[in-house]
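Take any residue in the sequence shown, note its place counting from 1, add 3, and you have its number in this note's numbering.
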Amino acid sequence: MLRFGARAYPRLASSKYHDMTIRRSILFTATTLLTTTHVHSFTPRRVPAAQLSFPRLQPMRMISSILDLLGGGDIELVTPEKALKGRQQKMPNIEGSRHYVLGNKMDDVPEGYKEAVFGNGCFWGSEKGIWRLPAGIYSTAVGYCGGFTPNPTYEEACSGRTGHTEGVRVVYDPAKISFVDILRWHWECHDPTSGMGQGNDRGTQYRSGFYYFDDDQKRLIEASRDAYEEQLGRKITTEVRAASDYDKYGGLWYNAEAYHQQYLAKPGARPYCSAQPQGVSLADFESWCPEDLKEKYRPTLPESFWKKHGPKRGCSVVRETDEPIPVGDW
């Protein structure tokens, strides 16, 4: 079966794959779903009451996957020259807003705190996994990273014409949680070998990526990647690039719409996540970390934490509680 989001269609025989009637039928179905999906609403519990609404989220993912299929062949990243032009206006209703679960301002980076930006498929579950870490996470946000279009919208990112992947931005206190703990969660909470997609979601906007802000992060990402690749026995396709590579396109990171932020913690949220954890724990830190970085970046979360709370096959984080894991609950 070929699957698009939550729906399935019979596999098309190769002789009929390009038949125009089939194409029109599939596109008609997708368009109908997009235009008739029910709209839910919610009121946040931790921020000043403001009536927000969920747009038609899943059909956009479905249409993206269908269009990728109809294009045939490998999915390729759009070039900067062919990317959408974008806009100067920042995403509204984000600046000054507070994290729905943690309560801190999402655009703040307190003195001494660090940033990490990565993508591993659907950003809803990825974000929830990080904000639940027991200590040191100041805020998380979902958005669009690693692309060429300034200030893209969700619909534009889903089109594959901006070059972005769905990502998570983490602001953390390195005195309370190590970068390698965040890095380990990234590797273990998805399938980093799946190329341009994750689970049922296919397209360049679902590719795996980790973007570094300094040379230490670069070395740690690459060293852990090489170790995990050997463990999985398959080539890791995660994009590893410097955040500064995107300065000429307006920057690495653009916040997603307010309704996406901490989506899985909000009333009425659909418990969906396409990430595909492989059930393989990253090798021991001592075995892969560069010698000169071991003291500075030693993990703060013990192995007992990972055995109890680490990612499980099937993106189990959607079924976990929204609150951070209590310190010592392992």
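For glycine and all other residues, C-beta sits at the position ideal for the given N, C-alpha and C.
Judged by DSSP secondary structure, K117 falls within the beta strand (DSSP E) whose first and last residues are 117 to 123.
In this structure G146 does not touch Q208 by the C-beta definition: roughly 12 angstroms separates them, more than the 8 angstroms allowed. In its chain, beyond the 5 residues on either side, P137, A138 have a beta carbon closer than 8 angstroms to the beta carbon of V330. In this structure, the straight-line span from the alpha carbon of F126 to that of D295 is close to 33 angstroms.
Non-local C-beta neighbours of V81 in its own chain, meaning closer than 8 angstroms and more than five positions away in sequence, comprise F151, G163, R164, T165, G166, T207, ordered along the chain. I224 places its beta carbon 8 angstroms or farther from that of T303. Counting the other CB atoms within 10 Å of its CB gives G202 a total of 16 or more, which places it among the buried residues. With a minimum length of 3 residues, the unbroken runs of beta strand (DSSP E) contained wholly in the stretch 166 to 230 fall at 168 to 175, 211 to 215. In the three-state reduction of the DSSP assignment, W333 falls in the coil class.
Per DSSP, reduced to three states, the secondary structure at G99 is coil, with no helix or strand assignment. Using a Cβ distance threshold of 8 angstroms, I328 and R135 count as a contacting pair. When beta bridges are read from the DSSP output, V243 appears opposite F213. Linking P95 to D229 through their CA atoms gives a straight-line distance of about 39 angstroms. Nearest in C-alpha terms to Y252, of all of D77, S100, P153, is P153. In the structure shown, the three-state DSSP call for Y147 is strand. Within the model, the alpha-carbon separation for I140 versus V174 is close to 6 angstroms. In this structure, R322 places its C-beta atom within 8 angstroms of the C-beta atom of P274.
Residue pairing by DSSP places S142 opposite V174 in a beta bridge.
Beta-bridge partners of K108 (DSSP): R101.
Between the C-alpha atoms of I97 and F213 there is a straight-line separation of about 23 angstroms. Residue pairing by DSSP places N154 opposite no residue, since no beta bridge is assigned to it.
CA-CA distance, D111 to P177, rounds to 15 angstroms.
In chain order, F288, E289 place their CB closer than 8 angstroms to the CB of K297, counting only its own chain and leaving out the 5 sequence neighbours on each side. Rounded to the nearest whole angstrom, the CA to CA distance from R301 to V183 is 7 angstroms. By alpha-carbon distance to E232, the top candidate from L285, L105, A261, D248 is L285.
Beta bridge pairing from DSSP links Y257 with Y147. Between K85 and G99, the CB-CB gap reaches or exceeds 8 angstroms. The criterion of a C-beta distance shorter than 8 angstroms is satisfied by H193 and Q279.
In its chain, beyond the 5 residues on either side, L267, V320 have a beta carbon closer than 6 angstroms to the beta carbon of K131. For D77, the three-state secondary structure derived from DSSP is coil. With a threshold of 16 other beta carbon atoms within 10 Å, T324 falls short and is exposed. As the crow flies, the alpha-carbon of V243 is around 13 angstroms from that of W190.
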